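Here is the structure we will look at.
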């Protein structure tokens, strides 16, 4: 008996170990080239046939693509499509069935038999956005560029303010707003890289926590592979690594200057306090003169 066996892919919403639900939905949406909301019904726990009429090799490739996306599926024979030559008695004229036209479903899987997951390895870099992810070194590099640009803009604002107080004030307001917005966008992308919500950036406004959280953002590593905020950022370039090192040097220099200035201020304060204390001490000039007069009278009597 000669048979042409076909297979189908069955999925019941099972995830692979260590894969979050949101990450799996995002990966499947990219695999099927659809929206994340369109794959919601695939995770209701009911068996769903993702693809039918596949050969064994194509079915294995399909399963591998789904595994790479973070979900578990299985291969089952598809008897409705499998053909057996023993069942063919006499050729009959083929008449194509008339089926009503159906609107394309957003849940439809790829129609090609060869499965190639469309999962980008890295996300695109967007400085002026709260979407995407950036790593620790890139966050330091971008922050250094922002700080240097802010210092240069501050110098321009001071120059303009010396000519026109109103113009300098307006320019300073725009510069401060731009600096704040860019800082928020970079911070949100850094939190996304760690798999955290960008709203956690508000912790910088909390007492005590606000003094620790910025340093925490610099040291917390990002998640490996895609998370619910997208794929990881591209590898760090040489320029990013150099700027990150310069940022560390810049912070060390600022810390040294602040510490030295603070020590000088403390020293001057101590000297001023000691000088004021010495000046406040009473001098007993009358007592000295009284002691001198008896000495003179005694010497007169001896004479």
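Residue numbers (UniProt numbering): 1 to 303.
Note that CB positions come from ideal geometry on N, CA and C, so glycine has one too.
If you're wondering where the values come from, they're calculated on a predicted model, not measured in any experiment.
Candidates the options: closest to residue i by CA position
| i | options | result |
| --- | --- | --- |
| residue 304 | 20, 224, 30, 140 | The requested residue 304 does not occur in the structure, where the chain is confined to residues 1 to 303. |
| residue 57 | 69, 9, 23, 28 | 9 |
| residue 20 | 230, 276, 238, 177 | 230 |
| residue 305 | 182, 201, 261 | One cannot answer for residue 305 here, as it falls past the ends of the chain, which runs 1 to 303. |
| residue 37 | 49, 22, 47 | 22 |
| residue 194 | 184, 180, 178, 225 | 225 |
| residue 72 | 39, 14, 61 | 14 |
| residue 234 | 61, 136, 148 | 136 |
| residue 228 | 215, 254, 275, 131 | 131 |
| residue 181 | 150, 240, 155, 159 | 150 |
| residue 30 | 49, 66, 55 | 66 |
| residue 133 | 197, 251, 279 | 197 |
| residue 147 | 159, 263, 183, 258 | 183 |
| residue 237 | 49, 64, 129, 138 | 138 |
Cut-off 7 angstroms between Cβ atoms - residues of its own chain near residue i, not counting five sequence neighbours on either side
| i | result |
| --- | --- |
| residue 78 | 6, 7, 8, 52, 53 |
| residue 70 | 15, 16, 19, 23, 24, 27 |
| residue 45 | 12, 13 |
| residue 241 | 137 |
| residue 153 | 175 |
Segment limits, beta strand (DSSP E) that includes residue i
| i | result |
| --- | --- |
| residue 53 | 48 to 54 |
| residue 73 | 71 to 77 |
| residue 25 | No beta strand (DSSP E) holds residue 25; the alpha helix (DSSP H) holding it covers 21 to 31. |
| residue 7 | 7 to 15 |
Cβ neighbours of residue i in the same chain (closer than 8 angstroms, five flanking residues each side left out)
| i | result |
| --- | --- |
| residue 246 | 144 |
| residue 47 | 10, 11, 12 |
| residue 199 | none |
Cβ-based neighbour list, residue i, same chain, cut-off 6 angstroms, excluding 5 preceding and 5 following
| i | result |
| --- | --- |
| residue 243 | 141, 144 |
| residue 213 | 203, 204 |
| residue 59 | 7, 75 |
| residue 127 | none |
| residue 187 | 201 |
| residue 161 | 168 |
| residue 326 | A query on residue 326 cannot be resolved here, the shown segment of the chain reaching from 1 to 303 and no further. |
| residue 90 | Per-residue confidence for residue 90 stands at a pLDDT of 46, beneath the threshold of 50, marking its modelled position as unreliable; no derived number is given. |
| residue 43 | 13 |
Cβ-Cβ separation, residue j to residue i (assumed contact under 8 angstroms), whole Å
| i | j | result |
| --- | --- | --- |
| residue 232 | residue 124 | Not confirmed; about 12 angstroms, so no contact. |
| residue 185 | residue 129 | 6 angstroms |
First and last residue of the uninterrupted alpha helix (DSSP H) at residue i
| i | result |
| --- | --- |
| residue 43 | Run containing residue 43: none; DSSP gives neither H nor E here. |
| residue 139 | 136 to 163 |
| residue 220 | From DSSP, residue 220 is part of no alpha helix (DSSP H); its letter is neither H nor E. |
Problem set entry | Three-pair Cβ contact test at 8 angstroms for the region 267 to 275 versus the region 165 to 173 | no
Exercise. Does the region 208 to 225 touch the region 171 to 182, meaning 3 or more C-beta pairs lie closer than 8 angstroms?
Worked result: No, they do not touch.
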